[in-house]
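Below is one structure, written out as structure tokens; comments come after it.
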Amino acid sequence: MKDAEIIAPALETDNVSCVFNVSQGFMKGTKPLRAINGVSLQVPKGEVVGLVGESGCGKSTLANVLLGLQAPTTGDVRYSGTSAAGFSRKDVARRIQPIFQDPYSSLNPTKTIRSIVSQPLRIHNVGDPSEWDAKVDEMLDIVGLPSRSANNYPSQMSGGQRQRVAIARALIMRPEIVICDEPTSALDVSVQSQILNLLQDLKDELGLTYLLISHNLAVVEHLADRVAVMYLGRIVEEGPADKVFANPRHPYTKALLESVLTPDPKLGVPETHLGAVFPNPIDPPSGCSFHPRCVACMDICKSKAPRPISSEGHMAECHLMEGDAQ
Amino acid sequence: MSETVLEVENLTVDIPIASGMLHPVRGISFSVQKGETLCIVGESGCGKSLTSLAMMGLLPKTAQRRTDKLLFRGEEIGDLPERQMSKLRGGAMSMIFQEPMTSLNPAYTIGDQLMEAFRRHVTRDRAVARDRAVYLLEKVGISSAASRLSQYPHQLSGGLRQRVMIAMALMCEPELIIADEPTTALDVTIQAQILHLLAELQDEFDMGLILITHDLGVVARIADKVQVMYAGRTVEEGPVNAIFEEPAHPYTQGLLRCIPVPGKTKRGERLGSVPGIVPNLVGDLEGCMFRNRCPHATAECDTAGEQLAKLSSGDHAHACIRSLADRAAIDASSTKAAE
Amino acid sequence: MTDIAHTPRSFGQIVDEVLEPSPMQKLRKRMFGNYSFLAGLVIILLILAVALLAPLLAPHDPLETNLSNRLTNPFWHDAKTLEEHPLGTDKVGRDYLSRLIYGAQISLLIGVSTMLISGTIGTILGVTAGYFGGRVDMVINFIINTRLAMPVFLVAMAAVVAFGASLTVVILVLGLFLWDRFAVVMRSITMQARDLDYVKAARAMGCSTPYIIVREIFPNVLGSLTVVATVEMANAILLEAALSFLGFGVQAPTPSWGLMLNEAREYMFFSPWLLALPGTCLFFLVLAINLFGDGLRDVTLEKGR
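Protein chains in written order, with the working numbering: chain W, 3 to 328; chain L, 109 to 447; chain A, 5 to 309.
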């Protein structure tokens with residue numbers, strides 16, 4: 003804990019918001035959509051932070067902001083304590099790289115594997131061009147691909163192999179942080195575990211820091227040191243993974259955990275008690291944005307938004323917690 | 109007491125392609141009772157989706173289907189003409205697909221699509237059809253059902269669309285529902301809801317349910333019987349408890365080691381894996397198709413058959429020439445040899 | 005889990021390998037299996053060879069008149085002419101075969117240069133609109149619509165009247181007007197390509213926008229671009245022939261097939277071959293280009309599955 007205070011986190015967002023103006027139709031003007039709304043998140047160096055939430059909760063927008071692809075409307079992103087405000091795209095790229103979900107669309111089909119993996123070296127003009135081939139071979143070896151595959155095209159490889167290529171491309175510049183956006187959900191079960199093992203090994207070997215975005219809570223629980231739960235543009239619970247999984251504080255986290263289908267035939271299909279309707283982010287509910295779906299909804303939840311309350315490094319935004327705190 | 113809805117024996121699908129004859133499904137047999145859930149589980153390319161299409165008579169034109177038996181409610185449907193087959197499909201046997209957006213027609217309202225098959229198969233009466241549509245939409249948990257009838261598919265969220273698909277599948281009181289990856293495109297919370305709904309409705313209407321999926325979590329929670337497919341064959345079948353507690357085939361064992369399970373696998377621990385890829389199923393095939401990925405494979409496996417052999421506990425069967433004890437003995441001797 | 009076999013190292017090599025031919029090998033295989041593509045290609049190459057080797061192949065200067073030897077019959081009517089003028093002569097005694105051979109040059113010149121000009125304009129506009137979207141897209145869409153509201157043929161005739169008729173004017177007018185299909189097609193394809201993850205990966209890598217457009221997106225739209233280019237080339241050749249036929253295109257004595265049709269009009273009933281020969285040439289060239297384009301679409305665009 004102390005170390006984390008002395009060393010600045012590898013990645014940090016400070017009250018970041020992202021507002022898009024969404025057209026309401028011809029001549030009707032626009033309405034603001036708060037894709038992310040005041041997110042403060044820390045990813046300590048060398049750790050894995052899992053980010054979970056339903057589709058439409060703002061996970062992808064947050065990932066885009068962290069990758070420097072989307073400027074935040076307000077707030078600040080810091081890499082190892084340095085604000086990204088004055089950074090060029092390349093400065094950001096050297097620090098943080100993404101791995102995407104679908105290895106079929108993340109590799110350009112017209113290029114060879116060698117050209118794909120060496121692309122960051124060419125863009126950033128790193129070192130001597132005559133060494134690039136050797137670097138590519140080394141990187142392919144690290145991710146477990148034979149060096150002869152460098153001359154193949156993506157269409158000649160299996161899904162798992164392509165994901166390895168995508169990982170090689172992300173790591174060849176040796177960034178500190180990698181954003182893994184659903185890295186295994188497009189892959190077959192037997193391949194998923196290989197990629198998860200690889201990510202784990204690479205983290206230990208190269209001292210990487212991961213932000214793991216996934217809807218598969220079993221994967222998050224397996225890899226992550228800390229977990230952040232996102233709902234409608236806000237982080238509603240954040241804390242050490244074992245605490246969050248063992249003792250979730252927010253009703254939404256509880257519902258998410260109940261929905262996880264562990265392969266145990268003794269348990270039936272879970273009943274989640276969540277209303278079906280994910281609210282429209284253009285027109286979010288008043289008060290606590292989760293209240294229409296919440297089983298423990300109280301009167302105060304409909305009018306007043308809860309504030310974040312943390313104890314023992316475990317934060318949750320819920321009025322239930324305020325009762326505890328008092 | 110229990111009544112068999114569908115019985116399939118030795119289903120084979122062959123597809124001629126440029127480089128020879130592809131054998132994606134190579135002799136599958138199973139049966140489903142009323143009120144029973146059969147899960148067909150396997151990875152991409154194992155032939156599970158083609159199996160479901162073959163049952164419904166929806167295979168691509170070039171594909172050739174052969175069966176020894178394809179009995180629906182005790183009647184052979186393997187040689188029915190397309191006309192009668194399509195009558196059966198919308199009515200007593202219905203299907204739910206993975207991507208509700210592509211199986212709903214964007215040009216028609218939910219109501220039109222719900223009522224279409226019903227009015228074709230059951231009654232022309234619009235009012236009756238409408239009542240049933242509203243009843244079923246409420247049944248699948250859609251609020252203000254009557255007003256939803258006039259909405260178009262794009263106005264609904266993914267979860268709602270899948271609910272509409274389920275309502276549509278239920279319109280003509282089917283005796284069998286075949287669901288192909290019905291929850292794969294959905295969020296975890298919605299997935300749990302949809303599966304819950306399917307299980308509930310199946311109970312209520314006493315239907316047979318065949319669920320095709322790659323997700324072992326889904327299988328464990330909803331199945332009565334499980335059929336594990338690999339390379340076009342059933343490699344293991346049995347009651348759900350037996351499959352998950354005493355997996356017998358090396359492939360099933362390998363798959364179960366691949367998935368992280370909260371509470372069981374430790375954080376950061378290496379997961380097991382099944383190295384290698386699915387074999388090419390073109391041309392003449394011999395021996396056990398899993399041998400190139402199997403940790404226990406020996407020379408015998410090159411010529412071994414893939415017949416299902418019963419295990420001690422009743423319905424549980426697997427397609428490995430060696431018993432569990434045999435494999436353990438072989439592994440022990442080979443590690444000794446290595447030392 | 006002491007069983008080593010179940011936990012193969014993911015460091016080091018993995019065993020799975022997909023034995024697929026490379027995209028180039030597949031492309032080659034499909035090209036040689038596609039007969040309309042091959043037929044089109046062979047005819048185009050033949051006509052191209054004729055155009056390039058015109059000075060060697062043509063028995064006479066196409067502009068050399070001989071008033072004493074006007075409207076001689078082709079060899080199937082009059083075997084004597086076989087050596088001197090195999091396809092006879094026109095109304096001012098020019099060798100018809102030589103004029104047809106040089107006409108191929110004009111048609112191809114018009115087709116290729118128009119396609120290059122309009123292709124450049126259309127691709128730049130379309131890719132820009134598709135990649136940036138929003139206001140840029142709105143403005144470019146407006147330009148496209150404005151262009152579509154103008155009748156090419158009438159504007160071309162007006163331009164010829166204003167600037168005088170010549171080969172250059174025809175090429176410029178057609179080139180500046182036939183870019184609409186390029187723009188529309190490139191715009192929609194770029195829009196699809198823009199949202200793919202490899203473009204996002206390139207952005208996250210720090211690639212500049214021009215680099216992404218040229219190196220990431222362009223190679224993937226090249227197939228569709230070539231298909232549009234062939235269609236537009238055929239279109240330009242036909243338009244040139246029509247303009248020349250009406251007297252608004254290439255001016256005499258340049259040997260253009262359209263112009264030859266115009267000149268042959270009055271002899272339609274007495275010497276029908278004067279009309280039929282350039283017409284047939286035009287027909288085969290345009291047919292070949294379209295066959296080639298169609299085949300090319302089948303060959304390149306079925307990449308997905």
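The beta carbon of each residue, even a glycine, is placed where N, CA and C say it ideally should be. This structure is a prediction, so every number in the text was calculated from the model and none was measured.
Rounded separation between residue i and residue j - CA only
{"i": "A/F296", "j": "A/S122", "result": "20 Å"}
{"i": "A/S102", "j": "A/T93", "result": "10 Å"}
{"i": "A/L52", "j": "W/P105", "result": "43 Å"}
{"i": "W/V193", "j": "L/L324", "result": "14 Å"}
{"i": "L/E115", "j": "L/D122", "result": "20 Å"}
{"i": "W/G235", "j": "L/G150", "result": "36 Å"}
{"i": "W/L35", "j": "W/H252", "result": "24 Å"}
{"i": "W/L198", "j": "W/P46", "result": "20 Å"}
{"i": "L/K177", "j": "L/F138", "result": "10 Å"}
{"i": "A/P12", "j": "W/V221", "result": "For A/P12, the predicted structure reports a pLDDT of 31, less than 50, and the residue's modelled location is therefore unreliable. A value from the coordinates is still provided. Taking the straight line joining both Cα atoms gives about 20 Å."}
{"i": "A/K95", "j": "A/D82", "result": "17 Å"}
{"i": "L/P290", "j": "L/I204", "result": "6 Å"}
{"i": "W/L346", "j": "A/A208", "result": "Residue 346 of chain W is absent from the model: chain W starts at 3 and stops at 328."}
{"i": "A/S192", "j": "A/D298", "result": "20 Å"}
{"i": "L/L363", "j": "L/L317", "result": "23 Å"}
{"i": "W/K4", "j": "W/E49", "result": "Note that W/K4 has pLDDT 45, beneath the 50 cutoff, so the model's placement of it is unreliable and the number below is only indicative. If you take the alpha carbons of W/K4 and W/E49, they lie about 15 Å apart."}
{"i": "A/G179", "j": "W/T112", "result": "30 Å"}
{"i": "A/T194", "j": "L/P282", "result": "45 Å"}
{"i": "L/D233", "j": "W/M232", "result": "48 Å"}
{"i": "A/R309", "j": "A/G44", "result": "Confidence at A/R309 is low in this model, with a pLDDT of 33, below 50, so the placement of that residue should be treated as unreliable; the coordinate-derived value is given next. Going by the C-alpha atoms only, they are around 24 Å apart."}
{"i": "W/D183", "j": "W/N110", "result": "18 Å"}
{"i": "L/R240", "j": "L/Q335", "result": "34 Å"}
{"i": "L/K333", "j": "L/E345", "result": "7 Å"}
Closest by C-alpha distance to residue i, when choosing among the options
{"i": "W/L13", "options": "W/Q72, W/M323, W/S85", "result": "W/S85"}
{"i": "W/K87", "options": "W/P100, W/I101, W/Q72", "result": "Reading the sequence as shown, one finds Ala at residue 87 of chain W and not Lys. For the residues W/P100, W/I101, W/Q72, the minimum Cα distance to W/A87 belongs to W/Q72."}
{"i": "A/Y106", "options": "A/E220, A/P27, A/L56, A/V235", "result": "A/L56"}
{"i": "A/T284", "options": "A/P90, A/P78, A/L104, A/R32", "result": "A/L104"}
{"i": "W/L173", "options": "W/N153, W/L210, W/P111, W/Y155", "result": "W/L210"}
{"i": "A/N70", "options": "A/R98, A/P63, A/V140", "result": "A/R98"}
{"i": "L/R191", "options": "L/R228, L/G422, L/L158", "result": "L/R228"}
{"i": "A/D184", "options": "A/I128, A/Y202, A/L61", "result": "A/I128"}
{"i": "A/G130", "options": "A/I114, A/I148, A/L113", "result": "A/I148"}
{"i": "A/L229", "options": "A/V188, A/A245, A/V203, A/E220", "result": "A/V188"}
{"i": "L/C428", "options": "L/A440, L/C402, L/G422", "result": "L/C402"}
CB-CB length for residue i against residue j, believed under 8 Å
{"i": "A/G251", "j": "A/N239", "result": "With a Cβ gap of about 20 Å, A/G251 and A/N239 do not count as contacting."}
{"i": "A/C211", "j": "W/I115", "result": "Actually they do not touch by this definition, with Cβ atoms about 18 Å apart."}
{"i": "W/P287", "j": "W/P294", "result": "5 Å"}
{"i": "W/V119", "j": "W/V138", "result": "5 Å"}
{"i": "L/T145", "j": "L/A331", "result": "5 Å"}
{"i": "L/L244", "j": "L/G267", "result": "Their Cβ separation, rounded to whole angstroms, is 16 Å, which puts L/L244 and L/G267 out of contact at 8 Å."}
{"i": "W/G70", "j": "W/R91", "result": "6 Å"}
DSSP beta-bridge partners of residue i
{"i": "A/L112", "result": "Partner(s): none; A/L112 has no beta bridge."}
{"i": "L/I450", "result": "Given that chain L is displayed from residue 109 to residue 447, the structure contains no residue 450 of chain L and the question cannot be resolved."}
{"i": "L/P124", "result": "L/M129"}
{"i": "W/K33", "result": "W/V24"}
{"i": "W/I311", "result": "W/A318"}
{"i": "A/L286", "result": "None; A/L286 has no bridge partner."}
{"i": "L/V149", "result": "L/T321, L/V336"}
{"i": "A/A131", "result": "It should be pointed out that residue 131 of chain A corresponds to Val in this sequence rather than to Ala. A/V131 pairs with nothing; no bridge assigned."}
{"i": "L/Q310", "result": "None; L/Q310 has no bridge partner."}
{"i": "A/D65", "result": "For A/D65, which the question treats as bridged, DSSP gives no partner whatsoever."}
{"i": "L/E345", "result": "L/Q335, L/A425"}
Any non-hydrogen atom of the ligand COA within 8 Å of residue i CB
{"i": "W/V24", "result": "Ligands are entirely absent from the displayed structure, and the ligand COA is therefore not among its contents."}
Please list the segments of the alpha helix (DSSP H) lying wholly inside the segment 350-426 of chain L, counting only runs of 4 or more residues, in order along the chain. Annotation note: the segment 350-426 of chain L contains the following uninterrupted alpha helix (DSSP H) runs of length 4 or greater, listed N- to C-terminal: 358-366.
What are the complete alpha helix (DSSP H) segments, minimum 4 residues, inside the segment 180-247 of chain W? You should have 191-208, 219-225.
Which runs of the beta strand (DSSP E) at least 3 residues long sit entirely within the segment 176-229 of chain L? Give them in chain order. If we require 3 residues or more, the beta strand (DSSP E) runs fully inside the segment 176-229 of chain L come out as 177-180, 201-204.
Complete runs of the beta strand (DSSP E) confined to the segment 164-218 of chain A [at least 3 residues]: Counting only runs of 3 or more, we get nothing.
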